[in-house]
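Numbering (the working numbering), first residue to last: 87 to 387.
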Amino acid sequence: MRSTMRDVPLTITSILRHGTTQHGDSEVVTATESGLRRLGYARLGARAAKLANGLRRLGVRGDERVATFGWNNQDHLEAYLAVPAMGAVLHPLDIQLTPEQVGSISGHAEDRIVIVDASLAEGFAKLLPELTTVHTVLVTGTGDAPALDGLGKQVIPYERVLAEEPEDFAWPDIDERSAAAMCYPTVYSHRASWLHALTVCSGNAAGVRVDDRLLPIVPMSRYSAWGLPYAALMSGADLVLPDRFLRPEPLLRLVEEARPTVCGAEPDVWHEVMSYLDDHPERDLSSLRLTVTGTIEAEMS
Numbered sequence: 087m088r089s090t091m092r093d094v095p096l097t098i099t100s101i102l103r104h105g106t107t108q109h110g111d112s113e114v115v116t117a118t119e120s121g122l123r124r125l126g127y128a129r130l131g132a133r134a135a136k137l138a139n140g141l142r143r144l145g146v147r148g149d150e151r152v153a154t155f156g157w158n159n160q161d162h163l164e165a166y167l168a169v170p171a172m173g174a175v176l177h178p179l180d181i182q183l184t185p186e187q188v189g190s191i192s193g194h195a196e197d198r199i200v201i202v203d204a205s206l207a208e209g210f211a212k213l214l215p216e217l218t219t220v221h222t223v224l225v226t227g228t229g230d231a232p233a234l235d236g237l238g239k240q241v242i243p244y245e246r247v248l249a250e251e252p253e254d255f256a257w258p259d260i261d262e263r264s265a266a267a268m269c270y271p272t273v274y275s276h277r278a279s280w281l282h283a284l285t286v287c288s289g290n291a292a293g294v295r296v297d298d299r300l301l302p303i304v305p306m307s308r309y310s311a312w313g314l315p316y317a318a319l320m321s322g323a324d325l326v327l328p329d330r331f332l333r334p335e336p337l338l339r340l341v342e343e344a345r346p347t348v349c350g351a352e353p354d355v356w357h358e359v360m361s362y363l364d365d366h367p368e369r370d371l372s373s374l375r376l377t378v379t380g381t382i383e384a385e386m387s
């Protein structure tokens, strides 16, 4: 006997549509040098559509790879949504790897376009000539990136690309088994990413709810930031993103100002935070109901 229930594809596209329409008033909050940058999910969806249109105009077709080289921030989140939802494959590059490692990984993936944060442009310029499959670099963030000029690639400001595009996009129907993202050497399908986000929302994991505010400190280039960005859109929870401000003092200031309820970070981050709190016990972490971390290998005596 065949099921008569509606069969809904488990895709990033469905997360994008749900989060930006049913939870359009939820927001993504990003730390900046001048304060907090806020954007509602409805506007986030419009900007993701602009990016998809821009990438299509720049020649991205089928499952071509679009890489990112940046921090956890709003622009990176827009790529996290737009690239897989348009049918391409998102390839977040780990900014903590050596230039040789990044070049090898990007070349193996055959990245076509890279979205680079301006604050990382100088370091990225050292490896750009080795990225033979890349034809275009989009630069996000404030400030110019002169280090990327004259290296044989088309370099375009991210906001200029978005400014020229419409706020709607005909998101294609996508097979849930198709690749959505690569975090070398793993390739994630849309289905796997969707189920990962659902698991994060479950009561046996983080139990993410619509009234939560999620702070993923773990990089978006590592295991999709443990599924927290997609879980936020799936549940309607707000997102709080730290950008490059990852030292204990700015992180704790972000917690005090943005009031996240769930936070995920790797052990070395928590070690630094706890050491800082020993000297500054007055810092207010009362908004956090759950902190998530990984593990480190035990030393053998």
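From the three backbone atoms N, C-alpha and C, an ideal C-beta is built for every residue, glycine too.
Local conformation of V359 per DSSP, three classes: Assignment of V359 by DSSP, reduced to helix, strand and coil, places it in the helix class.
Inter-residue spacing [alpha-carbon to alpha-carbon] between S361 and L130: 36 angstroms
L167 versus L248 - alpha carbon distance: 15 angstroms
Touching by the beta-carbon criterion (3+ pairs, under 8 angstroms), the region 190-208 and the region 149-158: yes
Length of the line joining the Cα atoms of S288 and S279: 14 angstroms
Nearest-angstrom Cα separation, counted from E358 out to T381: Taking the straight line joining both Cα atoms gives about 15 angstroms.
Status (buried if at least 16 other CB within 10 Å, exposed otherwise) for K136: buried
Range of the contiguous beta strand (DSSP E) that encloses R198: D197 to D203
Among R369, E368, L332 and L340, nearest to V355 - alpha-carbon criterion: L332
DSSP-derived helix/strand/coil call for R246: helix
Counterpart residues of V175 in DSSP-defined beta bridges: R151
Where the beta strand (DSSP E) through P336 begins and ends: Premise fails: P336 lies in the alpha helix (DSSP H), P334 to A344, not in any beta strand (DSSP E).
Coarse secondary structure for T184, derived from DSSP in three states: coil
Per-residue burial, V94 [other beta carbons within 10 Å of its own, 16 or more giving buried]: exposed
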